[in-house]
Structures are given as structure tokens and as C-alpha cells.
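Please read the structure below before turning to the comments.
There are 2 protein chains.
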Amino acid sequence: MTETETRPATAGRPTPTPAAGVYLYPASFERVIALLNSGIDGLAADSAYTRLHVPPVIARATIEHAGYVNTFPQLLGTVHSFAGTPKEWARLAPLSDGSGDWHAQQSISDVVLLPAACYPVYATLTGRDLATDPALFHVDATCFRQEASAEPGRLRSFRMVELVTAGSPEHCVRWRAGWLERIPAWLGALGLTVSVVVADDPFFGPGRKLYAAAQRMQELKFEFTATVAPGIVQAVASANLHKDHFGDAYGFASGDEPGHTSCMAFGLERIALALIEVHGPDPDGWPESVLSVLR
Amino acid sequence: MTETETRPATAGRPTPTPAAGVYLYPASFERVIALLNSGIDGLAADSAYTRLHVPPVIARATIEHAGYVNTFPQLLGTVHSFAGTPKEWARLAPLSDGSGDWHAQQSISDVVLLPAACYPVYATLTGRDLATDPALFHVDATCFRQEASAEPGRLRSFRMVELVTAGSPEHCVRWRAGWLERIPAWLGALGLTVSVVVADDPFFGPGRKLYAAAQRMQELKFEFTATVAPGIVQAVASANLHKDHFGDAYGFASGDEPGHTSCMAFGLERIALALIEVHGPDPDGWPESVLSVLR
């Protein structure tokens with residue numbers, strides 16, 4: 001395979017491209033994704049979630065303001081462009097086939113790649129008091145993280161659906177407790193063997209280890225793991241408490257205190273891979289018991 | 001509106017974010033997008049298109065190889081990340097809230113933002129002779145172009161569906177001629193007032209003007225324009241001939257010559273905006289004649 005070739009799709013699974021962790025998705029895989037979206041719609045049907053489709057880029061200022069940059073500097077993709085003059089470009093142009101550093105004068109833009117689907121929603125709550133009237137969002141987006149590995153399911157570009165709430169501390173803890181009960185049952189009904197693990201995000205650098213341990217002790221992040229390829233177990237969903245992090249950053253409240261937030265995140269490709277691993281690539285052939293949960 | 005605030009959605013139209021040309025999409029707008037996808041599925045139903053969902057990033061090598069960089073250096077978004085050591089990050093970390101150049105050590109990665117949905121498919125054809133057996137693809141993706149303007153519909157992040165074919169020169173000319181007839185009728189049946197214009201892409205720099213004129217004379221690009229906001233007319237779709245550009249770059253053939261390619265591109269947000277401009281934001285209230293074309 002040359003650097004610019006792409007392999008044909010095999011058995012409904014994502015097609016690798018020359019970029020590790022970046023795949024093309026064939027029709028049958030997309031049918032699984034559509035079924036999953038329908039299944040999550042079903043999970044969200046009992047509350048009035050505000051639905052938003054989120055683009056794969058976001059204002060850099062929003063991500064800086066959210067504190068993401070210092071937490072995951074190695075995972076954030078920044079978007080750069082050539083903002084020079086035609087004369088300056090004329091000097092770089094002969095290198096533009098990749099034979100040299102045509103990108104020597106790229107400068108950073110005002111957008112970055114979206115690291116998680118929920119980031120744009122917190123800013124819409126500025127100024128609100130959510131003590132008795134929590135906010136609920138149902139968002140979907142394609143996210144990007146500059147992951148080093150290229151094992152199956154370890155994607156750099158991936159689709160995420162999130163259910164998000166903002167309100168009082170008690171509301172957020174109760175809301176997440178509901179998902180902690182419901183999601184293992186839901187994934188189990190889909191035929192997946194699921195484990196629930198207390199997790200920490202892979203914080204950067206040795207100075208972060210203490211914080212990660214503290215995060216684990218507070219049980220802020222629960223991950224639901226499943227087998228996405230032979231011998232490879234990954235988190236396919238997570239239920240998270242952010243405490244007052246976003247309320248503090250974006251100025252929304254629960255009474256006299258900053259508002260709390262919580263989210264339930266679904267990794268669409270990973271759940272799809274796990275389902276294909278168990279039931280095969282073509283959803284038309286899946287057990288009716290599984291399809292009835294999703295439709 | 002502060003730098004990190006986002007306005008609430010109004011009347012089903014996209015919600016601005018702090019980044020110009022980057023919007024959030026409310027539920028009713030997404031219903032319009034879903035209807036459009038269904039309508040395009042209908043248009044494509046008479047041939048066996050290979051369906052692929054394409055992620056919003058693509059291998060930089062693929063885009064360099066396709067000759068995109070020198071044609072549109074000012075529009076391409078490159079993805080950069082921090083690949084330094086924790087010690088190097090420790091010096092930048094205090095600036096990571098946006099108070100300074102925390103991004104001073106970002107380095108270019110192996111991916112760029114996808115400028116058009118069709119770019120990954122040409123590489124899948126390497127080595128094939130398409131003289132009597134043309135290839136057909138139906139792809140969808142979120143694309144990015146670093147556009148300067150922020151008028152409605154002039155998006156930087158936008159969704160595109162493309163029907164793509166590769167084969168003999170005659171096949172590609174005939175295939176596009178079919179769309180040149182069909183698309184104005186289709187957009188007309190949707191209630192849009194459409195013009196067909198011979199166009200050239202906004203090539204960069206004064207040296208490009210002659211090439212753009214030559215492109216216009218060869219009628220390689222036809223755009224279908226419609227009103228997307230009061231007084232604002234934009235291209236909502238285009239039918240393009242690339243001649244042997246991609247066959248030459250990716251080594252697929254039509255007999256003894258490089259294969260030709262052609263594509264029919266749909267700008268989903270722009271068509272949606274044009275439809276909303278005519279029929280209102282809620283598709284439930286649209287004329288049955290329009291809905292029947294899309295369903």
C-alpha cells in the first residue's frame with residue numbers, strides 16, 4: 001500500500017486510509033450507526049432534551065476558556081492556514097506537492113478541532129440559574145483527538161453522541177446515577193458483555209498523576225467497556241460528573257453557587273464495532289431482540 | 001455577546017458561535033438536512049453507487065498528491081498538535097487559558113481538514129481500468145474551508161454530499177450532462193428559483209487568472225445558485241468535470257489513457273437555508289409537493 005492508497009472496504013468494517021485512526025465508513029456500517037442513533041433517541045425520549053448538531057471545529061477561545069488546552073495539550077488538534085501574500089506563497093508553491101515544507105508559514109487560526117461533542121453547549125447557559133430548572137441537551141458531533149495508537153477502535157476522528165445536563169449538584173449526581181444503572185442494561189440487551197470501570201482521563205505529564213488519582217477517588221468518570229475487536233477491550237461509553245467546572249467557567253448558576261454539569265457520552269464507532277464483533281457486519285441479520293432495542 | 005458566548009437558536013436557523021462561519025444546528029434544521037439526504041438518495045437510486053461516509057480529516061499526503069495545496073493554499077486548514085515533552089509544555093502551560101502563545105510549539109500533523117467530500121475516493125481506484133466499467137460513489141462529509149467572509153451561508157464548516165464517477169472521457173461528459181438537466185428541475189420542484197452559471201473556483205494569486213478564464217471556457221464547473229438569505233444568492237450545488245486530473249494523479253485508467261472523473265456536489269446547509277427561505281423553518285409545514293420530492 002502506497003502512502004496515498006486506500007484499501008477497499010472489507011465485510012462492512014471501516015476502511016483504513018493512509019492516516020492512522022482515520023477511516024472511511026461503508027454503507028452497512030452506516031446502517032449500524034443509524035440504528036445506534038435511533039437507539040439513543042429512544043433512551044433520551046423520556047425527557048425534553050434540546051437537540052443540537054455540532055460541527056467538527058469550535059472556536060479556539062471556547063476551548064481555551066474551558067481549560068481543555070492544559071489538560072490535554074497533546075490531544076488537541078489546532079487548525080492553521082496560510083494567511084500570507086501571493087508573493088510569499090510563490091516561494092512555497094514549488095514544495096506544495098509534499099516535496100518540502102510548503103507549510104512553513106502556516107499560522108494558527110481561531111478554530112480548533114472539537115475534542116468532545118458537549119463543549120459548545122455550556123456557553124449557551126451563561127447567566128442562567130438552573131437550580132430548579134435543569135438544562136438538557138442531546139448533541140452529536142465528529143470529534144478529533146491526536147491519539148498516538150492505531151489499534152482498531154483507537155480512532156483519531158470519531159463520532160460521539162452526548163446527553164448533557166446542567167443544574168444543581170444533587171440533580172447532576174441523581175441524573176448520572178440513573179445512567180449508571182440504565183446503560184449496562186441497555187448495552188447488555190444489545191448483546192454486549194460490558195464492564196463498568198472507574199476511570200481517569202489520560203492526563204499529561206507526571207505532575208498530573210495526583211490529580212488523576214483524586215479524580216478516580218471522587219468517581220467523576222465511569223467508563224463502560226466492551227470488546228471492539230478480538231482481544232481488544234475499549235471504553236464504548238462513559239458517564240461523567242464535571243462538578244462546577246463549566247458553571248464556573250461559563251457563569252451559570254444553581255442558586256448562589258456555580259451550576260454543576262454531567263454528561264453521558266456514547267462512542268458511536270466503538271459501540272458499532274462491538275456490535276459487529278458479536279452479531280456480524282450486516283444488521284439485517286442481527287437478532288430481532290437486538291434490533292427491537294434500537295428501532 | 002462575549003467571545004465565548006453562543007446565541008440561542010432562532011426560528012430553526014443555524015445558531016452562530018464565536019467562530020465566524022461555524023454554526024450549531026437545531027432539531028428542525030436537522031430534519032431539513034435529513035429530508036435532503038433522503039432526496040439525494042432518491043436521485044442516486046437509479047445507479048449502483050458505492051456509499052461511503054467520509055470523516056472531516058484526511059491524510060495530508062492525499063491532499064498534497066491531489067494538487068489541492070497549490071490551487072487553494074489560503075483555504076486549506078492544516079491540523080497541528082503539540083508533540084513536545086512535558087518539560088517543554090510546563091513552560092507553555094501558564095499561557096493555555098488564551099493569555100499568550102501556548103501554541104508556539106505546535107507542529108504540523110499528517111492530517112488536514114477535508115476540503116471536499118470526494119478526495120478520499122480517487123485513491124481507492126489506483127490500478128483499475130474503468131473504460132467499460134465506470135466507478136460510482138455516493139459520499140457525504142463535513143468539509144472545511146478557511147473562507148474570509150461570514151455572510152449567511154458562507155460557512156467554513158459545512159456538509160457536502162457528492163455523487164462521483166470515474167471512467168472514460170465520454171462517460172464523464174455524458175454523466176454530467178444528465179445532472180445538468182436533472183438538477184435545475186429537481187431544485188425547481190423543491191420551490192427554489194435557480195440559475196445555472198459557468199463558474200471558476202476562486203484561484204489564488206494573479207497568475208491564476210488566465211487558468212480560471214480557460215476553465216470557464218472549457219465549462220468544467222457549472223454552479224446552481226439560489227437565494228439562501230434575503231438578497232444573498234449563493235451556489236447551492238455544482239456539477240464538475242475534472243478531466244484526467246485525478247486519473248493522472250492516482251493512476252487509474254480508461255484504456256490507454258488516464259481515467260476521467262466528474263462529480264455532482266450538493267451543499268446541504270445552503271440548500272436547507274434556501275428551502276427555509278422559501279417555505280419556512282419547520283418542514284412539517286412545507287407543501288406536500290416539496291416533501292414528496294424529498295421523501
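Here the protein sequences line up with chains A and B, keeping their order. Quick note on the numbering used here: the first sequence kicks off at 1 and runs consecutively. Quick note on the numbering used here: the second sequence kicks off at 1 and runs consecutively. Here a beta-carbon is modelled for each residue, glycine too, at the ideal position from N, C-alpha and C. Note that the coordinates shown come from a computational prediction; the quantities given were computed from them, not determined experimentally.
For B:D110, which residues in chain A fall below 7 Å Cβ to Cβ?
A19
Taking the runs of the alpha helix (DSSP H) that are 4 residues or longer, which of them lie wholly in the region 202 to 279 of chain B?
209 to 218, 245 to 250 and 268 to 279
Return no unless some Cβ of chain B is closer than 9 Å to the Cβ of A:I33.
yes
Beta carbon proximity, A:S254 to chain B, threshold 9 Å:
no
Contacts of B:W102 in chain E (Cβ-Cβ under 7 Å):
Here the protein chains are A and B, and chain E is not one of them.
Between B:A61 and B:D110, is the Cβ-Cβ spacing less than 9 Å?
yes
Decide yes or no for the touch test of the region 38 to 46 of chain A against the region 15 to 32 of chain B: beta carbon pairs closer than 8 Å, at least 3 of them.
no
Does the Cβ of B:R174 have 16 or more other Cβ atoms within 10 Å, making it buried, or fewer, making it exposed?
exposed
Short CB-CB distance (under 9 Å) between A:P55 and chain B:
yes
Could you check whether the region 115 to 131 of chain B touches the region 79 to 98 of chain B, counting it as contact only if at least three pairs of C-beta atoms, one from each stretch, sit closer than 8 Å?
no
Alpha carbon to alpha carbon, how far is B:V112 from B:P55?
11 Å
Any chance you could list the alpha helix (DSSP H) runs of at least 4 consecutive residues sitting entirely within the region 110 to 186 of chain B, in chain order?
119 to 122
For chain B, find out if any of its Cβ atoms is closer than 9 Å to the Cβ of A:G39; answer yes or no.
no
Buried versus exposed, by CB contacts within 10 Å (16 or more), B:P281
buried
Contact criterion: CB-CB distance below 9 Å. Does A:P283 meet it with respect to chain B?
Taking a beta-carbon distance threshold of 9 Å, A:P283 does not count as an interface residue toward chain B.
Taking Cβ positions, are B:L36 and B:A272 nearer each other than 9 Å?
Contact: yes.
Does the separation of the CB atoms of A:S238 and A:M217 fall below 9 Å?
no
Cβ-based neighbour list, B:A253, same chain, cut-off 6 Å, excluding 5 preceding and 5 following:
D129 and G259
Could you pull the start and end residues of the beta strand (DSSP E) that A:Y25 belongs to?
DSSP places A:Y25 in the uninterrupted beta strand (DSSP E) bounded by Y23 to P26.
What is the C-beta distance between A:L24 and B:L52, in whole angstroms, given that I count them as a contact (C-beta under 8 Å)?
Indeed, because the Cβ distance is near 5 Å, the residues count as touching under 8 Å.
Across which residues does DSSP place B:Q106 in a beta bridge pair?
B:F82
Tell me the DSSP secondary structure of A:L52 in three-state form.
strand
With a Cβ-Cβ cutoff of 9 Å, do A:A135 and A:S168 count as a contact?
no
Is B:L291 close to chain A, meaning its C-beta is less than 9 Å from at least one C-beta of that chain?
no
Touching or not, the region 156 to 163 of chain A and the region 182 to 199 of chain A, by the rule of three or more beta carbon pairs under 8 Å?
The region 156 to 163 of chain A vs the region 182 to 199 of chain A: no contact.
Identify which residue in A:T50, A:S289, A:A66 and A:F29 has its Cα closest to the Cα of A:L187.
A:S289
With DSSP as the reference, identify every bridge partner of A:S297, one or two as the case may be.
Outside the shown range of chain A, which is 1 to 295, sits residue 297 of chain A, and nothing can be said about it.
Would you mind reading off the limits of the beta strand (DSSP E) that contains A:A59?
Looking at the DSSP string, the run of the beta strand (DSSP E) that includes A:A59 is V57 to A59.
Check whether the Cβ of A:F222 lies closer than 9 Å to any Cβ atom in chain B.
no
Got a sec? Which residues, its chain only, sit under 7 Å from A:A48 by beta carbon, not counting five neighbours each side?
L136
Determine, for B:P230, whether the minimum Cβ-Cβ distance to residues of chain A falls below 9 Å.
no
B:P94 (DSSP reduced to helix, strand or coil):
In the structure shown, B:P94 sits in a helix (DSSP, three-state: H, G or I).
CA-CA distance, A:V79 and B:Q74?
Between A:V79 and B:Q74, the C-alpha separation is close to 13 Å.
Does the Cβ of A:A45 have 16 or more other Cβ atoms within 10 Å, making it buried, or fewer, making it exposed?
exposed
Same chain, Cβ closer than 7 Å to B:Q105, neighbours up to 5 away in sequence not counted
F82, G84, E88 and L92
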